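**Q**
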Amino acid sequence: MSATGSNDFRTLSPNGSIVWGEGRVRGRALSSRQAQSAEADFVPLTPTLSPNTNTLGARGQNGFTLIELLVVVVIIGVLAAALVISIGGSTERELSNASDRFQALVGHACNQAELSGREIGISIAADGYTFSRLDRDEWRAFGQDGELRARSWPRGLHVELTRAGRPLQLSIPGRESPQLVCFSSGELTPFDVTLALGDAAARYRIEGADDGVVKIKRIEATP
Numbered sequence: 012m013s014a015t016g017s018n019d020f021r022t023l024s025p026n027g028s029i030v031w032g033e034g035r036v037r038g039r040a041l042s043s044r045q046a047q048s049a050e051a052d053f054v055p056l057t058p059t060l061s062p063n064t065n066t067l068g069a070r071g072q073n074g075f076t077l078i079e080l081l082v083v084v085v086i087i088g089v090l091a092a093a094l095v096i097s098i099g100g101s102t103e104r105e106l107s108n109a110s111d112r113f114q115a116l117v118g119h120a121c122n123q124a125e126l127s128g129r130e131i132g133i134s135i136a137a138d139g140y141t142f143s144r145l146d147r148d149e150w151r152a153f154g155q156d157g158e159l160r161a162r163s164w165p166r167g168l169h170v171e172l173t174r175a176g177r178p179l180q181l182s183i184p185g186r187e188s189p190q191l192v193c194f195s196s197g198e199l200t201p202f203d204v205t206l207a208l209g210d211a212a213a214r215y216r217i218e219g220a221d222d223g224v225v226k227i228k229r230i231e232a233t234p
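This is how it looks when you write it as structure tokens:
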């Protein structure tokens, strides 16, 4: 608003002079043609906002809004939880596979002992287990080929061997006699082998009965 009146407005003429709404340039009256030309060349003096102007609640050029940061935190939390679940599930799956394999191989050894008419021994150590055949008065280990070759436990596996509730010493290098024997009559040395691994939510117990039946049980870990 200018001092010439409440209804005055300003424009810029082509030659850069200020044109007032009453048709005056620096106090001089304009002709009707000059006034129309000035009105056609009107340039508003109000400022405009650029596309990069930062407004309330909008993201800056080099920053993030609070909502975007919260979304990132939630995504990281979900991925971390999925990773923990995946690791735990992988550990128990590895333990379950090791237990199933041991059960199956002991059953297979007992079947072979009965079919061949020769006793087969099973030696259980902290790092694995081996099978051997009684040759006259001497136990001879099976070769590296075939189902009854030496096997290794998964890394970090904890093994407990008991018989009738009493703990048995695990096999050590140089020990000739096996702890368990599959007899040619179809009988088996009764035993319990308990396997645990890392942070798995359960343990597995393989139970061998004197009639040669081998079972496996899943035992939930106590808090």
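Add 11 to a position in the sequence shown, counting from 1, and you land on the number used in our numbering.
Cβ coordinates follow ideal geometry from the N, Cα and C atoms, glycine included.
Because the structure is a prediction, the values reported are computed rather than measured.
#1: Hey, how far is the Cα of residue 214 from the Cα of residue 227?
#2: Hey, is the segment 179-194 in contact with the segment 131-139, meaning 3+ C-beta pairs nearer than 8 Å?
#3: Write down every uninterrupted run of the alpha helix (DSSP H) in the segment 107-157 whose length is 4 residues or greater and which is fully enclosed by it, in chain order.
#4: Using only the alpha-carbon positions, how far apart do residue 120 and residue 159 sit?
#5: Based on the DSSP secondary-structure assignment, which residues constitute the bridge partners of residue 178?
#6: Do residue 175 and residue 201 count as a contact pair if the criterion is CB distance below 8 Å?
#7: What do you reckon, are the CB atoms on residue 114 and residue 217 nearer than 8 Å?
#8: Is residue 126 near residue 168, with beta carbons less than 8 Å apart?
#9: With residue 223 and residue 197 assumed to form a contact (beta carbons below 8 Å), what rounded beta-carbon distance in angstroms separates them?
#10: Run through DSSP, which three-state label would residue 160 get?
#11: Does residue 227 come out as helix, strand or coil in the three-state DSSP assignment?
**A** On the basis of the data shown:
#1: By one-based count along the sequence shown, residue 214 stands at place 203. By one-based count along the sequence shown, residue 227 stands at place 216. Rounded to whole angstroms, residue 214 to residue 227 spans 11 Å at the Cα level.
#2: By the Cβ criterion, the segment 179-194 is in contact with the segment 131-139, since at least three pairs of Cβ atoms, one from each stretch, lie closer than 8 Å.
#3: Counting whole runs of 4 or more residues, the segment 107-157 contains no alpha helix (DSSP H) stretch at all.
#4: Your numbering for residue 120 matches position 109 in the sequence shown. Your numbering for residue 159 matches position 148 in the sequence shown. So the alpha carbons of these two residues sit roughly 7 Å apart.
#5: In the sequence shown, residue 178 corresponds to position 167, counting from 1. Residue 178 is bridged to 173.
#6: Numbered from its first residue, the sequence shown carries residue 201 at position 190. Numbered from its first residue, the sequence shown carries residue 175 at position 164. Yes, the pair counts as a contact, with Cβ atoms nearer than the cut-off.
#7: What you label residue 114 is simply residue 103 of the sequence shown in a count that begins at 1. What you label residue 217 is simply residue 206 of the sequence shown in a count that begins at 1. Yes. Within cutoff.
#8: Counting from 1 along the sequence shown, the entry for residue 126 is found at position 115. Counting from 1 along the sequence shown, the entry for residue 168 is found at position 157. Contact: no.
#9: Within the sequence shown, residue 223 is the residue found at index 212, counting from 1. Within the sequence shown, residue 197 is the residue found at index 186, counting from 1. The C-beta distance from residue 223 to residue 197 rounds to 5 Å, short enough to meet the 8 Å contact threshold.
#10: In the sequence shown, counting from the first residue as 1, residue 160 sits at position 149. Annotated three-state conformation of residue 160 is coil, per DSSP.
#11: Start at 1 with the first residue of the sequence shown, and residue 227 comes out as number 216. In the displayed model, residue 227 falls within a strand according to three-state DSSP.
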